[in-house]
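S.K.: Structure in structure tokens, see below.
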Amino acid sequence: MHDNNLVKDALDLLARKWKIDQKLYDFQTGKYEGAVSDTSVNVGGITFHIPTLSKDGLYILWKCLWPDCHNCCERQGRLPLTKDDIGRIAKKVGYSSKAEFVRNETTISSWQEQEAFGNVITTLSMLSLKRKKDEKPAEDGMPLRCRFLDDEGYCGIHPDKPGVCWLYPFASWIEVDGMGHPAVHATFQFTGDCPGFYLDGSIDSMMPVLREYSTKIYNYNMAVSRTTRESYGFVNFVDLRKS
Ligand code: SF4
Ligand code: SF4
1005 MHDNNLVKDA LDLLARKWKI DQKLYDFQTG KYEGAVSDTS VNVGGITFHI PTLSKDGLYI
1065 LWKCLWPDCH NCCERQGRLP LTKDDIGRIA KKVGYSSKAE FVRNETTISS WQEQEAFGNV
1125 ITTLSMLSLK RKKDEKPAED GMPLRCRFLD DEGYCGIHPD KPGVCWLYPF ASWIEVDGMG
1185 HPAVHATFQF TGDCPGFYLD GSIDSMMPVL REYSTKIYNY NMAVSRTTRE SYGFVNFVDL
1245 RKS
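Numbering-wise, this note's numbering puts 1123 at position 119 of the sequence shown, and it's gapless, one number per residue.
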């Protein structure tokens, strides 16, 4: 869950360049007055939670507007690295030693995430790629222009960029179902930085995107599991429905 004032500031900045639907603006800033429900859709084994403006009969959907937009790279809050990211990016930016890469190019991030419906709080601590050469730990979570973004809107370390860059604006987590099996869930994170959200009376237009992202989200969660299992990072879930 994001601070509504910060989201409002980010959306107001975004609105200088992009037209933001008033209902989407109100929803993201916590001002939407109608009921919001959760529509669950299972695609490729991932349970996607789609926020739904019930009174208006509208789903909140998303598509990426790159290359016309690269706002998530302009206002990147942090770049947590999985173990796989560390090996890949160290090589990409010219290090033969992972330890040296970690020492020079990363900082430690620690943050809490609450998914869109407020049920699961996840606390994570991971190594993060510095978004600017002299990034300080106190800047963790503050929007910064990523040093790898070039003037044309391309990422200088694509396709080796961190897993989180492939995922935005989705947030995902693992829950254990009634049978004791882990299941991956995903929803949107609303930071106010993405102009790609839109409203539609049907989810159909977003199905190709959900199919594409189900693979990315599954792979990312497996990479995070390997990262925490091998003590490159720590993750803790609190399910408020069970406490
Ligand atoms: S901010 Fe949203 S629309 Fe823009 S590039 Fe990032 S994900 Fe795509
Ligand atoms: S690493 Fe690349 S994709 Fe990720 S924030 Fe930086 S420029 Fe954007």
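Yeah, the Cβ is synthetic: ideal placement off N, Cα and C, and Gly gets one too.
Note that the coordinates shown come from a computational prediction; the quantities given were computed from them, not determined experimentally.
Based on the DSSP secondary-structure assignment, which residues constitute the bridge partners of residue 1198?
M.R.: Per DSSP, none; premise fails for residue 1198.
S.K.: Using the Cα positions of residue 1042 and residue 1034, report the straight-line distance between them to the nearest angstrom.
M.R.: Cα-Cα distance, rounded: 16 Å.
S.K.: Nearer than 7 Å: is that true of the beta carbon of residue 1050 relative to any heavy atom of ligand 2?
M.R.: Outside the cutoff, so no.
S.K.: How is the beta strand (DSSP E) around residue 1063 delimited, first residue to last?
M.R.: Residues 1062 to 1066.
S.K.: For residue 1135, which of 1150, 1129, 1126 has the nearest alpha-carbon?
M.R.: Out of 1150, 1129, 1126, 1150 has the C-alpha closest to the C-alpha of residue 1135.
S.K.: Give the residues whose C-beta lies closer than 5 Å to at least one heavy atom of ligand 2, in chain order.
M.R.: Cβ-based neighbours of ligand 2 within the cut-off: 1077, 1080, 1150, 1152, 1153, 1159, 1165, 1169.
S.K.: Do the segment 1069 to 1080 and the segment 1190 to 1208 touch if we need at least three Cβ pairs shorter than 8 Å?
M.R.: These segments touch.
S.K.: Can you round the beta-carbon distance between residue 1145 and residue 1082 to whole angstroms, since I take them to be within the 8 Å contact cut?
M.R.: Their Cβ separation, rounded to whole angstroms, is 6 Å, which keeps residue 1145 and residue 1082 in contact under 8 Å.
S.K.: For the segment 1046 to 1056 against the segment 1215 to 1231, are there 3 or more C-beta pairs whose distance is under 8 Å?
M.R.: Verdict: yes, contact present.
S.K.: So what's residue 1032 in DSSP terms, helix, strand or just coil?
M.R.: In the structure shown, residue 1032 sits in a helix (DSSP, three-state: H, G or I).
S.K.: Comparing the CB of residue 1200 with every heavy atom of ligand 1, is any distance shorter than 7 Å?
M.R.: It does: the Cβ of residue 1200 is within 7 Å (strictly closer) of some heavy atom of ligand 1.
S.K.: Is any heavy atom of ligand 1 found at a distance shorter than 7 Å from the C-beta of residue 1028?
M.R.: The answer is no for residue 1028.
S.K.: In this structure, what does DSSP give as the bridge partners for residue 1074?
M.R.: Bridge partners of residue 1074: none, in fact.
S.K.: Find the nearest neighbour of residue 1162 within the set 1021, 1129, 1089, 1103, judged by alpha-carbon distance.
M.R.: It is 1089 whose Cα lies nearest to the Cα of residue 1162.
S.K.: In whole angstroms, what separates the C-alpha of residue 997 from that of residue 1065?
M.R.: There is simply no residue 997 to check, as the chain begins at 1005 and stops at 1247 in what is shown.
S.K.: Starting from the Cα of residue 1137, find the closest Cα among 1058, 1114, 1097, 1102 and give me that residue.
M.R.: With distances taken between Cα atoms, residue 1137 lies closest to 1097.
S.K.: What number of angstroms, rounded off, separates the C-alpha of residue 1020 from the C-alpha of residue 1231?
M.R.: Each residue's alpha carbon lies about 39 Å from the other.
S.K.: Could you check whether the Cβ of residue 1063 sits closer than 7 Å to any heavy atom belonging to ligand 1?
M.R.: No, the beta carbon of residue 1063 sits no closer than 7 Å to any heavy atom of ligand 1.
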